[in-house]
Structures are given as C-alpha cells and as structure tokens.
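Residue numbers (my numbering): 1 to 60. Glycine included, each C-beta is placed from N, C-alpha and C at the ideal position. Step one of this worksheet: look at the structure below.
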C-alpha cells in the first residue's frame, strides 16, 4: 500500500505532463487555431505542467 502511495503522485504528474505536451502538439497541428492563439497556448500548457510538478512534490 505504501508503494502505491509513493507512486501515485508520479503517475498523476506524468499523466498531466503527457496530456499537456500532446495537447500542445495537437494545437500546433490544428489548422483552425490561429498563430496568436498558439502563442497563448504555450504559457497555459507550461502552467499546467508546472502545476503537475508542484502537486507531485507537494504530495511527496
């Protein structure tokens, strides 16, 4: 049970990180999204990834 408790934040962090990066790649490949929207998406994605890391370290 302790191992699950220790691995859980890593799994969550990785999941958020992966979805963030795949979201970013998708947004760049999507022709409907204009260039200035892409520029706005980068800090949002970085913020999500940073939040994931922060939550991970907070749980540990």
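{"Query": "Tell me whether residue 44 sits in a helix, a strand or coil according to DSSP, three-state version.", "Result": "helix"}
{"Query": "When the distance is taken between beta carbons, is residue 10 closer than 9 Å to residue 56?", "Result": "yes"}
{"Query": "On a Cα-Cα basis, can you pick out the residue from 8, 7, 6, 14 that is closest to residue 53?", "Result": "14"}
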